């Protein structure tokens, strides 16, 4: 509130324009300052600090000696490619459904958004309980309806458990990306489709020659961004299986935390840094794309 | 006839979509009205639906619920503070970049957006260490700062885009009248930006409310925890009070769902406008 | 009253002098982190000790209670960041960190507090806190032996009878014992169409129950892992062969479908959960906490009279605590005891008061209610404590078994001799080896060799 007094005293009548310019520069910097401060303290400092800790060569030796490390890297890559691509194919398909001009479709959309709108922890824990091999609703129903004593090990069979994490991840983030693609589709001029159907183009041709060319940029950008975010997805794995069974289903995000838990923060940081080759190309590509879009 | 066929196809898609979306949420709801026995038996619908779980939760009658109201309050406190702080920081920054053309403003925004190119779990670990150095570990301040740092770049970006759309003539006229930057901010910018600011405030608030990982890492004392992490503690209870967990989880999920539906038209257009442009 | 006024005015002056608000200075605090108890009685006893300490010294105790897993995670992070509390007591410190912290010089030497009260402790419990500091290259007392735990078998007597068996049918021999549960009892349950498993057998890598149970199996087969100087002896042919048998035996219970499938993901409470649900008939558990829960319930005023009566019946009639069977070679089982250690951190801001707090807590009149508040879950580490009627009067069916096992003698974990075994346990190489056999279908021989190689890598 001291700022107000300073501001009112600044414009002198004689040099109004240069005074205003100075005033603008002063306030421009001042109003950026809070964010710059937050950014420096909460992002730049931790990252630099992390890189500095990451200089310890011993950590990498220990990391590579850990038998679950390579499995985790492979898991992460599979998780990334399967989860993200599957999610976007479904999102692309569903976005076509949600642009249908029906009142009831809009109601479905409202419900469809729920997974994204509600917090992850209750819903992921709901999955966890539901998929529990003994008391979970699914295997209990399989037993009660079909007498299946040992239902599928949704969370205990390594492959199924990994697939379950992917399913939960998709469940949670599908609505957001579908919505983005819906918005993208709505931006395409409607008369293009009308002209095409007059010319006798079928649905596939309409998609192939109108929808896809308009959506492609958005689709690829979104996919990349989603990959980066998916790499940081801790909840879908941690809250569902904790990386189990037998530490076989960790991804880099949960492995780092696991090292922290085991009194090994340096290894946690190291496990992040070794993921850089995975991240940097995507980031580079992203930055190029975004800056091109901004022009 | 063709229209009917189309309708049929749409319904054929809608049914699996709804089942897929609603199954875990339905399960959450069913457990919240089940007693322990029906729950463990995996009943699709409890034999005797009961509201007893809600009573136990509200009265904090389970050992792992002793701080339920306090943790709910913490969740509100953290979310609202994050929302307000983000709004303040982002509104100022967007004004500086878009209207004042502050030197280096654009590059700062690009750097800010680069925050999102660091996967969340990867930023969390060094941030945890840094917070230890600042002596902020296990304080709600730490979590609020972290959430502000995560919400701001997007908030600045959206607000800047909205601000860019305001006609330049307004500024020029005001400047001609000898208005200072601060007057410009108060009289011209803030009133026109209100709709976008509401969207961004809610965005930051929901982000903080829904957060688990950072809260789990940065906070530990039961009295400081938001409900999200409090729910996680249930996993160390040895009598499997899943029904209570789901009840508390349902209560926790309601505010964001309500807020979201209350503002959904603004939210969707506000949040996705930028995405389509690029 | 006058001294009080002096104190206050002195504080106010001091505050003025440094230009700081008086409130922050006038009250000295000591920061204490504890594991949140499983039962209310434990926390109540602790709070009353805290209260007494605050009244006696005027020092405010800033007490935080954390869930078991969070407690150790938070402590580890805080120690690494250089901001630990003054006093820490998490019930998994001994498994995970105490030895390592002592070695790295992160702990305060508490010999001066221990020395005067040395005679009060059980020698084998006290010995686990005499640890090596790698910085000074000397051994000293770096922790307080607060309480301990042992391994027990718990089973539902009523379920056993429901499926047509008597308690006297339970064999005493190692193989006969597991065959009885897995084949006969589970077989009878399945014949009745029940989706029930005979044994709750922890296999999750994130659970300390898993390595506790596994090392009990290793102990049964006499697979010696380290010698008393901390040197790894597991690779000696005799020990390797014994370890292979232990891996086989441990994996076998899962292989024959005798434990719930979810046990591969179990966290520490989950074997209790499965037992309370009656999903399992028997379980091995590293405390009597399973029965303890029913004791807590039968005294819980929040429950209905009906529920309290049911809990009482469970505690006294339906649930049994038992020792392990005899070793495969026919000799008596030795009890692997884990002593829970409290520590004072070297980097604590007020470690002097931290030591005072621990000295205060370790007094018999304060420690005993805390230990006994856990309803038998934790066992006393003092000579007077274990001979107290609570354990020795034989009136309580579960504690009587604990007392008997204590009298039979206990052995410590490997990490007491070689602190790096905390890392071996944290990584749970034992569960990993068993999982290699179960999931990846490698031979027990290969899994054991991998285990030995990894142990040497970590602890060699």
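Protein chains in written order, with my numbering: chain Y, -16 to 278; chain H, 9 to 286; chain G, 6 to 465. Where a beta carbon is used, it is the ideal one built from N, C-alpha and C, also for glycine. The model shown is predicted, which means the values in this text are computed figures rather than measured ones.
Extent of the continuous beta strand (DSSP E) to which residue i belongs
i	result
residue 103/G	Segment 103 to 108 is the alpha helix (DSSP H) holding residue 103/G; no beta strand (DSSP E) there.
residue 203/G	202 to 205
residue 86/G	From DSSP, residue 86/G is part of no beta strand (DSSP E); its letter is neither H nor E.
residue 326/G	324 to 327
According to DSSP, residues forming a beta bridge with residue i
i	result
residue 157/G	290/G
residue 67/G	36/G
residue 340/G	415/G
residue 384/G	153/G
residue 137/G	144/G
residue 346/G	150/G
Interface residues of chain Y facing residue i [CB-CB closer than 9 Å]
i	result
residue 431/G	244, 245, 246 and 247
Below-7 Å beta-carbon distance, residue i vs any chain Y residue
i	result
residue 213/G	no
residue 449/G	no
residue 265/G	yes
residue 130/H	yes
residue 261/G	no
residue 284/H	In this predicted model, residue 284/H has a pLDDT of only 42, less than 50, meaning its place in the structure is not dependable enough to derive any value.
residue 206/H	no
residue 265/H	yes
Endpoints, alpha helix (DSSP H) assigned at residue i
i	result
residue 218/Y	218 to 221
residue 223/G	213 to 225
residue 250/H	250 to 270
residue 234/H	Counting along the chain, residue 234/H falls outside any alpha helix (DSSP H), and DSSP gives it neither H nor E.
residue 174/Y	173 to 181
Any chain H beta carbon closer than 7 Å to residue i
i	result
residue 264/Y	no
residue 282/G	yes
residue 218/G	no
residue 148/Y	no
residue 319/Y	There is simply no residue 319/Y to check, as chain Y begins at -16 and stops at 278 in what is shown.
residue 177/G	no
residue 342/G	no
residue 172/Y	no
Where residue i meets chain Y, residues with beta-carbon distance less than 7 Å
i	result
residue 276/G	None at all; the shortest Cβ gap to chain Y is about 12 Å.
residue 269/G	139, 227, 228 and 229
residue 347/G	Going along chain Y, no residue has its Cβ under 7 Å from residue 347/G, so there is no contact; the nearest lies around 18 Å.
Contacts that residue i makes with chain H (C-beta to C-beta distance below 9 Å)
i	result
residue 413/G	Going along chain H, no residue has its Cβ under 9 Å from residue 413/G, so there is no contact; the nearest lies around 27 Å.
residue 298/G	246 and 247
residue 85/Y	15 and 18
Under 7 Å from the C-beta of residue i: neighbouring residues of chain H
i	result
residue 75/G	228
residue 171/G	Within chain H, no residue comes near residue 171/G; the closest Cβ sits about 28 Å away, beyond 7 Å.
Below-7 Å beta-carbon distance, residue i vs any chain A residue
i	result
residue 138/Y	The chain labelled as chain A is not found among the protein chains of the depicted structure, namely Y, H and G.
Under 9 Å from the C-beta of residue i: neighbouring residues of chain G
i	result
residue 140/H	82, 83, 85, 86, 87 and 88
Contact with chain G by residue i, beta-carbon distance below 7 Å
i	result
residue 229/Y	yes
residue 110/Y	no
Proximal residues of chain G, C-beta to C-beta of residue i below 7 Å
i	result
residue 136/H	82
residue 177/Y	Those within 7 Å of residue 177/Y in chain G number zero; the least Cβ separation is about 55 Å.
Proximal residues of chain G, C-beta to C-beta of residue i below 8 Å
i	result
residue 79/H	Those within 8 Å of residue 79/H in chain G number zero; the least Cβ separation is about 13 Å.
residue 248/H	278, 281 and 282
8 Å Cβ cut-off: residues of chain H touching residue i
i	result
residue 29/Y	131, 134, 135, 137 and 138
residue 71/G	228, 229 and 230
residue 119/Y	50
Closer than 8 Å at the beta carbon, the chain Y residues around residue i
i	result
residue 270/H	Going along chain Y, no residue has its Cβ under 8 Å from residue 270/H, so there is no contact; the nearest lies around 11 Å.
residue 78/G	243 and 244
residue 217/H	102
| task | Tell me, please, whether the stretch 377 to 391 of chain G touches the stretch 62 to 80 of chain G by the rule of three or more beta-carbon pairs shorter than 8 Å. | result | no
| said: So, does the stretch 258 to 272 of chain H touch the stretch 127 to 136 of chain Y, judging by three or more C-beta pairs under 8 Å? | reply: no
| request: Report yes or no: do three or more beta-carbon pairs, one from the stretch 181 to 200 of chain G and one from the stretch 358 to 366 of chain G, lie closer than 8 Å? | output: no
| said: Any contact between the stretch 245 to 265 of chain G and the stretch 112 to 131 of chain G? By contact I mean 3 or more CB pairs, one from each, below 8 Å. | reply: no
| query | Is the number of C-beta pairs between the stretch 316 to 329 of chain G and the stretch 51 to 65 of chain G that are closer than 8 Å three or more? | reply | no
| Sufficient close CB pairs (3 or more, under 8 Å) joining the stretch 48 to 66 of chain H to the stretch 161 to 172 of chain H | no
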